[in-house]
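J.:
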Amino acid sequence: MERLQEIWLQSLFGFMALTTVVCSIAVVVTQNVVRAAVWLLFALSGTAGLFFLLGADFVGATQLLIYVGGTMILVIFGVMLTARGPFVSMKTQSGEWTLAALVGVALFGIVAAVVWSTKWPTMDWGDTSKIRGENSPTTVQLGLEFLGIPPQESPKDAAGTPLARLGRDPANIGYLLPFEIVSVHLLVVLIGAAYLARAKRRKAATS
Amino acid sequence: MIETLKTVIWPFILWPLLMSFAIMVFFQLQAIIFVWLERKVSGRIQDRLGPTRVGGKFGWLQTIADGVKLLLKEDLIPADADRPLFRIAPYIVLCGAFAAFVVVPFSFGWVAENLNIAVFFMLAVMSVEVFGVILAGYASGSKWALFGGMREAAQVVSYEVPMAMNLVPAVMAAGTMNMHKVSEMQSGWIWDWNCFHDPFTFFAAIVYLVCATASVKRAPFDLAEAESELVAGFHTEYSGFRWLIFFMAEYASMLAVSWIATIMFWGGWNGPLPVTQWLGLWIDTNGDKLPDAPGFLAQVIGFLNFIAKGYTLIFVMMWIRWTLPRIRIDQVMKLCLKYLLPITCLLILGAGVWPLMIQTERGGKVGGFAAAAIAFAILIIGIVTTPKSAAHGRRERVY
Amino acid sequence: MIVSLETMLLVGAIMFVCGVVTMATKRNAVGVLIGAELVLNASNLNFVAFARYTPFGIDGQAFALFGIVLPAAEAAIALAIILNFYNNHMTVDVDKANELKQ
């Protein structure tokens, strides 16, 4: 019974991971930039599905709302505004392709070697809602984290030592400062982008 | 075998399939009813009858006839169109619109998936639709469809911001994004509803409805589809079944935003009076000898309540569509960025500060009712003092 | 544990490599931006996998949230720059962006 449940969840994971991988490879392979944007949309949705399966429901919904519903719209607007026939499909020479493929394979080899050889301190949080000792969803935990109140308790292993560096560790003071910095950063970006993209007279096409 | 059935196949495979099937069928039925309702309501507002021939005196089967016609139409794809993208665009919009109903609680315990971030999930999934709109405009291969699609996408994306932000006062009042819990909290009398929790949630309820109407591209914000040079906006080149999918997705998202408003502001499945409690239809679920959850009959009554409230809001949207004239695209963007967004920020500020100033729950409700009374008074004064002959006044105007 | 940590990290690695190769081979400036988005998403996936499967805890999800918001801001600026470039040169081919060479 447990085995069947595991198989079901594993096949869901496999489906999402396969979608993400196939669509990422399709982004590389396609020559048409609009199609690349569509494949990226599916890759990002696959990533959001993986987030939901990994128990990060708030992050998954934020990914859908902001990446898929915001950044992808920006990218596709950029594609549309600069798409004038010849720029939709620009081909790269085969020499560049081989070089890029070699670099890609080498990079993947390095990363895979690091992943397989490192001894990760794994533990499965499982139901992440039990972090504060009572039933608190990830939204509450993230909210408190951003207010500067990191969770006080951490799960303990068999010997009774806390597994995570949380709460009691004086180095962990939450993410209030980065949160405020990011809000100012977004304001600056908003003003900067609006200034950069203001309507100007378009220079006549040269050659 | 029975054990496997109960622990694995039922909860993980059969229940999700059954729920998905029920949701899909339920919403296609709603789309059929809405098309008929729209034609009847628009007819009556325009002082005519609407469909009366197909299916008896009231034209019940008109939509089925329309559906059959659309299914039998020729499937045209323009020569300049990008074929795979042309085909896939309606389905992106459909998935975005229908997936939102997975978390909607129709009554106590009647929810397909009780997510903790239900409201946020609905907003997130509905924002995927916009990409389908742009793709449809681009893949049609005609520059007018492209312009229509991009204008529409700009409008929808701009209005999603105040729409989502207007739900923040409601979430702050309820303390949770879980739509089932928010509706549970509103059980009781009409003053337990979220819209009367404090004056800021009341105004948020109204502003949310405006933003939601704009976000689902309904009139008076539907210039991107209605301008005569654009023919029909992003779905100009779509005919037959593909157009039907866009149409169903539009009605599904109208229903989704109406139901979000119903649950977050207007009481969810609870009525204005606690009738089911008076009738003794509640049962004891946690063993403390006090009834604290509705029994099955009360759940059915709640379901009917919920559907009725959703339909009332849809009726209001249709009423506004056939009453008010369209506003221009630059007026649309100006309204969003210059008026609705600052108002929304003020509402969030007020809703955050209000509980600190008014320490009691009852004080908040008095504030909420006071705000409602003031808004109603302003409305009545506005209607009463409008000069009756506003059109005649034009003759005397000095230019 | 349903899926091992290494599997998730490898999925992230594949996305990362695809993003890097996209950034390297595409001649359209918006294509390069698409590659950058893939790279950032791969890092987000790594963070959330660490949040679930190591003692990193909820901090991983907080990092992932920052990794969603900041790339969105960066994409806005990148597109503003690309639009400016297009308005001035009538092309988005990155091979033609070589004025600083002279």
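Protein chains in written order, with the numbering used here: chain A, 171 to 377; chain B, -12 to 386; chain C, 10 to 111.
Backbone N, C-alpha and C fix where the C-beta goes; we use that ideal spot for every residue, glycine too.
#1: Note the first and the last residue of the continuous alpha helix (DSSP H) segment covering B:Ala86.
#2: For B:Asn292, which residues does DSSP report across the bridge?
#3: Count the other CB atoms, across all protein chains shown, that sit within 10 Å of the CB of B:Phe189; report buried if there are 16 or more and exposed otherwise.
#4: Return the Cβ separation of A:Thr292 and C:Gln70 in integer angstroms, given the expectation that the two are a contact with Cβ distance under 8 Å.
#5: For the alpha helix (DSSP H) containing B:Asp53, list its first residue and its last residue.
#6: Roughly how many whole angstroms lie between the Cα atoms of B:Ala236 and A:Gly248?
#7: Assuming A:Arg368 is part of the alpha helix (DSSP H), what are its boundary residues?
#8: List, in order along the chain, the chain C residues whose C-beta lies closer than 8 Å to that of A:Pro291?
#9: Using a Cβ-Cβ cut-off of 7 Å (strictly less than) and excluding sequence neighbours within five positions of A:Lys300, which residues of its own chain qualify?
#10: Of all Cβ atoms in chain C, is any one closer than 7 Å to the Cβ of A:Leu346?
#11: For chain A, check one thing: does any of its Cβ atoms lie closer than 7 Å to the Cβ of B:Ser145?
#12: Helix, strand or coil, according to DSSP, for B:Asp179 in the structure here?
#13: Who are the neighbours of B:Ala111 on chain A, taking C-beta pairs under 9 Å?
#14: So, helix, strand or coil for A:Pro291, using DSSP?
#15: Could you check the C-alpha separation between B:Phe8 and B:Gly297 for me, to the nearest Å?
#16: Might you give, ordered along the chain, the residues of its own chain that have their beta carbon closer than 6 Å to the beta carbon of B:Asn257, omitting 5 neighbours on each side?
#17: Ignore the nearest five residues each way along the sequence and tell me which others in A:Ala374's own chain have a CB closer than 7 Å to its CB.
#18: Report yes or no: do the segment 144 to 161 of chain B and the segment 272 to 285 of chain A share at least 3 C-beta pairs separated by less than 8 Å?
#19: Would B:Ser114 pass as an interface residue toward chain A - the criterion being a Cβ-Cβ separation below 7 Å?
#20: What does DSSP give as the partner residue(s) for B:Ser94 in the beta ladder?
#21: Against chain B, does A:Trp178 count as a neighbour if the rule is that its beta carbon must be under 7 Å from one of theirs?
#22: Report the three-state DSSP secondary structure of C:Ala106 (helix, strand or coil).
#23: Should B:Leu36 and B:Ser226 be called a contact, given that it needs their Cβ atoms to be closer than 7 Å?
#24: Check the DSSP bridge columns for B:Ala280 and list the partner residues they point to.
#25: For a contact meaning CB atoms closer than 7 Å, what does A:Ile195 contact in chain C?
#26: When the Cα of B:Trp246 is compared with those of B:Arg40, B:Leu336, B:Val287, B:Val91, which residue comes out closest?
#27: Quick one: residues in its chain with C-beta nearer than 8 Å to the C-beta of A:Ala207, no 5 flanking neighbours on either side, listed in chain order?
#28: Distance check for B:Leu231 and B:Leu330, CA to CA, integer angstroms please.
#29: With DSSP collapsed to three states, give me the class of C:Asn97.
#30: Would you report the Cα separation of B:Val112 and C:Ala85, rounded to the nearest angstrom?
T.: Considering the structure as presented:
#1: No alpha helix (DSSP H) contains B:Ala86, which DSSP labels as neither H nor E.
#2: DSSP, once it has assigned bridges, lists no residue as partnering B:Asn292.
#3: Flag for B:Phe189 reads buried.
#4: Actually they are not in contact, since the Cβ atoms of A:Thr292 and C:Gln70 sit about 17 Å apart, beyond 8 Å.
#5: Per DSSP, the unbroken alpha helix (DSSP H) holding B:Asp53 starts and ends at 49 to 58.
#6: 26 Å
#7: Neither: A:Arg368 is in no alpha helix (DSSP H) and is coded neither H nor E.
#8: The contacting residues are Thr63, Pro64.
#9: Unreliable placement is indicated for A:Lys300, whose pLDDT of 49 sits below 50; the coordinate value is still reported in the next sentence. By the criterion of a C-beta distance shorter than 7 Å, A:Lys300 is surrounded by no residue of its chain, once the five residues flanking it on both sides are discounted.
#10: Not an interface residue.
#11: no
#12: helix
#13: Ala218, Gly230, Ala231, Thr232, Gln233, Leu234, Leu235, Ile236, Val238, Gly239
#14: coil
#15: For B:Phe8 and B:Gly297, the distance between alpha carbons rounds to 21 Å.
#16: Gln173, Ser174
#17: At A:Ala374 the pLDDT is 49, less than 50, meaning the model places this residue with poor confidence; the figure from the coordinates comes in the next sentence. In its chain, beyond the 5 residues on either side, no residue has a beta carbon closer than 7 Å to the beta carbon of A:Ala374.
#18: no
#19: yes
#20: B:Trp97
#21: Interface residue, yes.
#22: coil
#23: B:Ser226 sits away from B:Leu36, with the two beta carbons spaced by 7 Å or more.
#24: B:Ile270
#25: In chain order: Cys27.
#26: B:Val91
#27: Met242, Val245, Ile246, Val249, listed in sequence order.
#28: The residue asked about is misnamed: residue 330 of chain B is Ile in this sequence, not Leu. Taking the straight line from one Cα to the other gives about 37 Å.
#29: helix
#30: 22 Å
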